[in-house]
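Below: the structure, in structure tokens.
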Amino acid sequence: APAPATAALPSPGARRLAEQPGRQLAALGSTVGGEPLYTAAAARAFGHEAGAPNPAAVALSAASPAPDDETGTKSPVRHYIRSRRSESRARRARSVKARAAQLHRRRMDEEDGPVAWLNPPFGSFDSFGSSMMVLYIASTGDGWEDFMWSCMDATEVGQAPVRNDFSPNAFFMIAWMFVGAFVALNLFVGAIVDNFSKIKAKTDGSATMTSAQQQWVNTMKAGMKTKEVKGMRPPKGAFRRKIFDLVTSTQFEFFIMSVIFCNTILMAMDYYEIEDDPFYAKYTQTMLIFGYIYYTEAVLKLTGMGAKNYFASNWCRFDFFLVCVSLIDQFGSDSMEAFIPIPPMLLRVLRLVRILRVLRLIKGSKGIRDLITTVIISLPSLFNVGALLGLVIFIYAVLGVQLFTYVQKGENISEDRNFDTFGRACLLLFQCLT
């Protein structure tokens with residue numbers, strides 16, 4: 001029996017052409033009578049008879065735009081190919097952008113690692129222990145403003161910090177500085193001072209004295225420390241006596257203190273490149289007027305009080321030194337520069353000495369004088385405290401050199417701050433104390 005007729009299988013190229021509608025339609029020929037037909041080549045590729053209608057082309061012809069050629073015939077194949085090409089270019093552009101973004105993210109992950117919100121290096125309030133550490137560091141006054149800025153920038157949970165997101169958070173750190181730094185630490189120091197006073201009272205016997213006996217002992221001690229002050233005798237001449245009464249009067253002293261106060265405010269108005277300001281001429285003239293007032297004061301006191309009484313007073317000697325410096329700065333600086341090579345820094349130092357005149361305001365304030373006297377009396381005790389502090393630094397510096405010499409250098413242990421030598425260890429510990 002004859003073998004049954006079988007259709008010839010399409011070639012691999014024909015199968016690929018059949019799978020791609022764009023190439024399939026490209027094999028079509030021109031339309032005949034407005035109806036798209038298969039050409040002989042397309043019929044052989046797709047297994048159809050030549051001249052048979054193409055259903056896909058018919059569907060495209062129904063959706064094709066209005067004719068745009070001279071003959072008025074539609075071109076569905078050309079329109080379809082153009083649209084598929086545009087879509088292909090758009091897909092390729094999107095693919096290139098997506099690939100570039102993926103490569104950029106991969107490169108960022110390789111360089112910087114995965115992105116995550118981390119707490120500041122100085123700590124956070126995520127746990128009780130971390131909060132205690134942050135508040136303790138803030139109470140020492142070491143960078144407490146950084147904690148305040150971080151509190152002000154804090155936002156919702158899991159959100160990035162925002163600059164000054166909630167500024168009232170600053171009151172939390174300010175209140176803690178008053179409570180923790182100014183009150184709590186002072187209570188700790190006060191307890192130490194109170195125990196020290198009790199121990200001292202036991203050693204000198206004052207613990208068993210009554211209040212009257214303690215007052216009598218304090219009076220005797222104060223009398224032993226009091227020095228005899230010789231009073232100034234008025235001069236015999238009538239003219240000098242009038243000048244003496246003038247310079248020793250309360251009104252004259254108040255006038256000089258007012259002049260010193262105004263001169264201090266004027267010196268505070270000095271700034272960089274003041275020479276280019278029109279105000280500089282008035283500034284210089286006013287400074288000269290103040291200088292002449294000080295010269296007149298020194299001359300009047302030397303005339304009325306006499307040289308012996310004048311130089312017997314510490315305040316008068318100090319004032320005379322400032323007057324001499326002002327005279328050298330005003331009249332002798334140009335002459336000295338012409339004959340002696342004086343560094344400009346020395347002349348600036350001479351001008352800065354004039355600011356020491358503000359110390360004369362202490363003479364008119366009893367409270368400030370008592371405070372300075374208290375500090376001077378406390379110097380021996382402060383020396384003992386300093387010696388104890390130096391001993392503690394010495395012990396910890398030796399331990400630090402033995403334990404942390406080979407610690408790798410980083411942000412906190414750097415080339416300048418480390419435990420490599422005893423001197424650098426002492427310096428680092430002193431920085432920690434301050």
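Numbers 1 to 434, taken from the UniProt record's numbering, label the letters of the sequence shown in order. Even for Gly, the Cβ is constructed at its ideal location relative to N, Cα and C.
Does DSSP classify residue i as helix, strand or coil?
i, result
"residue 273", "coil"
"residue 118", "coil"
"residue 363", "helix"
"residue 131", "helix"
"residue 413", "coil"
"residue 125", "coil"
"residue 56", "Low confidence applies to residue 56: its pLDDT is 48, below 50, so where it sits in the model is not reliable enough to give any reading."
"residue 319", "helix"
"residue 162", "coil"
"residue 181", "helix"
"residue 156", "coil"
"residue 233", "coil"
"residue 214", "helix"
"residue 190", "helix"
"residue 349", "helix"
"residue 209", "coil"
"residue 329", "helix"
"residue 434", "coil"
"residue 374", "helix"
"residue 435", "The structure shown does not extend to residue 435, since the chain is modelled only from 1 through 434, so no value can be given for it."
"residue 407", "coil"
"residue 223", "helix"
"residue 203", "helix"
Label residue i either buried or exposed according to how many other C-beta atoms from any shown protein chain fall within 10 Å of its C-beta, with 16 as the threshold for buried.
i, result
"residue 305", "buried"
"residue 301", "buried"
"residue 262", "exposed"
"residue 272", "exposed"
"residue 195", "exposed"
"residue 324", "exposed"
"residue 147", "buried"
"residue 397", "buried"
"residue 426", "buried"
"residue 382", "exposed"
"residue 357", "buried"
"residue 400", "buried"
"residue 326", "buried"
"residue 385", "exposed"
"residue 94", "exposed"
"residue 123", "buried"
"residue 418", "buried"
"residue 428", "buried"
"residue 85", "exposed"
"residue 354", "buried"
So, for residue i: in the same chain, excluding its five sequence neighbours on each side, which residues have a beta-carbon less than 7 Å away from its beta-carbon?
i, result
"residue 317", "311"
"residue 290", "259, 263"
"residue 298", "319, 320, 323"
"residue 293", "259"
"residue 173", "138, 144, 147, 148, 151"
"residue 155", "161, 162, 165"
"residue 135", "176, 180"
"residue 252", "246"
"residue 119", "126"
"residue 420", "405"
Mind checking which residues open and close the alpha helix (DSSP H) that includes residue i?
i, result
"residue 419", "First-last for residue 419: undefined, no H or E at that position."
"residue 240", "238-247"
"residue 391", "379-404"
"residue 258", "250-268"
"residue 285", "279-312"
"residue 172", "170-176"
Short of 8 Å in beta carbon distance, which residues of its chain neighbour residue i, apart from the five on each side in sequence? Order them along the chain.
i, result
"residue 351", "329"
"residue 303", "240, 243"
"residue 184", "139"
"residue 265", "none"
"residue 435", "Here the chain covers residues 1 to 434 and nothing more, so residue 435 does not appear."
By Cβ distance below 6 Å, which residues in the same chain neighbour residue i in space, the five residues on each side in sequence not counted?
i, result
"residue 368", "362"
"residue 309", "232"
"residue 364", "257"
Hey, is residue i close to the ligand NAP, as in C-beta under 6 Å from one of its heavy atoms?
i, result
"residue 140", "With respect to small molecules bound, the structure shown includes none, and the ligand NAP cannot be examined in it."
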